[in-house]
Amino acid sequence: MIILFCGDVVGRSGRDAVKKHVPILRQEFALDLVVVNAENAAGGFGLTERICGELYDAGVDILTTGNHVWDQRQIIPYIDRDPCLLRPANFPRATPGAGWRLHPAGGRSVLVVNLMGRLFMDALDDPFARLDDLLAEHRLGGDLAAIVVDFHAEASSEKMALAHFADGRVSAVFGTHCHVPTADAQVLPGGTAYQTDAGMCGDYDSVIGMQKEPSTRRFVTKMPGERPQPAEGEATLCGILLETDDSSGLARMVEPVRLGGRLTQHLPRR
Ligand SMILES: [Fe+2]
Ligand SMILES: [Fe+2]
Numbered sequence: 112m113i114i115l116f117c118g119d120v121v122g123r124s125g126r127d128a129v130k131k132h133v134p135i136l137r138q139e140f141a142l143d144l145v146v147v148n149a150e151n152a153a154g155g156f157g158l159t160e161r162i163c164g165e166l167y168d169a170g171v172d173i174l175t176t177g178n179h180v181w182d183q184r185q186i187i188p189y190i191d192r193d194p195c196l197l198r199p200a201n202f203p204r205a206t207p208g209a210g211w212r213l214h215p216a217g218g219r220s221v222l223v224v225n226l227m228g229r230l231f232m233d234a235l236d237d238p239f240a241r242l243d244d245l246l247a248e249h250r251l252g253g254d255l256a257a258i259v260v261d262f263h264a265e266a267s268s269e270k271m272a273l274a275h276f277a278d279g280r281v282s283a284v285f286g287t288h289c290h291v292p293t294a295d296a297q298v299l300p301g302g303t304a305y306q307t308d309a310g311m312c313g314d315y316d317s318v319i320g321m322q323k324e325p326s327t328r329r330f331v332t333k334m335p336g337e338r339p340q341p342a343e344g345e346a347t348l349c350g351i352l353l354e355t356d357d358s359s360g361l362a363r364m365v366e367p368v369r370l371g372g373r374l375t376q377h378l379p380r381r
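Following the working numbering, the numbering of the sequence shown begins with 112 at its first residue and continues without gaps.
This is the structure:
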């Protein structure tokens, strides 16, 4: 399986990067599945039904989210109608939507799991226990070609710990939420691919995707100021290319992708 995972899409420029690059990547790398975290796709805050449609039209299969999932209230009644749009699986039980999805890909299926961390974030159910429960029901091999976990978390320590916890049981644990790609893509000893943060699909001449002047002023003055708007320069699409072994479901190769915008470009060789 060849899977592309992209980090938090921020605003219009982030969406434009997905629309521009994903269809080409899909073809060039014969991608079996594309997973994109879209929690900031609508003006930096949440996402809408229309934006979900735009991202699917660009060739995205699964949308993951995080702490910003409910920022646009219209997504609350919509999420139960869209099984490909996930919210963290360790949200309380009564929360609308699903936290994981078994998606058909290449004649088999891929399990995509969305989880959220608890360190320096809102109180939630235990993501480690939630993943353990899911992995008791879903084991790699047979019809299940791959398991990809989006761990939406603030602390790199919690992300690394979850990756080691899952090592050998899932194909990949990729972090989101920090909006900056980390340089630690690797296959862990047990065969799970890992990168602490995928980085955002957004304009990097910004403060994590938002306009730099008002965002900086907030730190300088300690005043709330107006609601920040996304930066609108050309976005860098930041993602991770994952290749899994067809028999074990574990990772064979993991490499970052950075396309367009300001960041140093990186595209894996085919
Ligand atoms: Fe985000
Ligand atoms: Fe987030």
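Ideal Cβ placement from N, Cα and C applies to all residues, glycine included.
This one's a predicted model, so the numbers in the text were calculated from it and none came from an experiment.
Only counting the same chain, and skipping five residues up and downstream in sequence, which positions put a Cβ closer than 6 Å to that of residue i?
i	result
K130	A169
V281	I258, V260 and T303
V307	The question names Val, but residue 307 in the sequence shown is Thr. Correct list, in chain order: S267, K270, G286, T293 and D295.
Using the three-state DSSP reduction, which class does residue i fall into: helix, strand or coil?
i	result
M321	strand
S220	strand
G264	Checking the sequence, you will find Ala at residue 264 rather than Gly. A264 falls in the coil class under three-state DSSP.
H179	coil
F231	coil
D254	coil
A247	helix
P238	helix
C117	strand
T347	strand
From this set, the options, which residue's C-alpha is nearest residue i's C-alpha?
i	options	result
G310	A346, M232, Q322 and G252	A346
G228	V147, C195 and G177	G177
E354	R381, L348 and D172	R381
V284	L352, S317 and S124	L352
D172	Q185, V145, R161 and G155	V145
T287	Y167, A342 and V147	V147
Q297	D191, M364 and F231	M364
Q138	R198, G301 and I114	I114
P134	E366, L196 and E165	E165
L361	L226, L251, T327 and S220	L251
C163	P339, R184, D193 and I319	D193
H179	P203, G125, L136 and V121	V121
Short of 7 Å in beta carbon distance, which residues of its chain neighbour residue i, apart from the five on each side in sequence? Order them along the chain.
i	result
L222	W211, L213, H249, L255 and I258
W181	G157 and I187
L378	V368 and L370
Y189	E160
A274	V284, L299, T303 and Y305
T375	R369
G217	M112, D143 and A256
Short of 8 Å in beta carbon distance, which residues of its chain neighbour residue i, apart from the five on each side in sequence? Order them along the chain.
i	result
P335	R329
Q183	A153, F156, G157, L158 and T159
D191	P207 and G208
Verify the contact flag: residue i, CB atom, against every heavy atom of ligand 3, threshold strictly below 7 Å.
i	result
D308	Ligands displayed in this structure: ligand 1 and ligand 2; ligand 3 is not among them.
So, is the C-beta of residue i closer than 8 Å to a C-beta in chain C?
i	result
D356	Looking at the structure shown, chain C is missing, and only one protein chain is on hand.
> Which runs of the beta strand (DSSP E), 3 residues or longer, sit entirely within the segment 287 to 316?
Replying inline: 304 to 306
> With distances taken from each beta carbon to the nearest heavy atom of ligand 2, which residues come in below 6 Å, in chain order?
Replying inline: E150, G177, N178, H179, H263 and H288
>> To test your reading of the DSSP string, which unbroken beta strand (DSSP E) runs of 3 or more residues are found completely within the segment 133 to 191?
In response: 144 to 148 and 173 to 175
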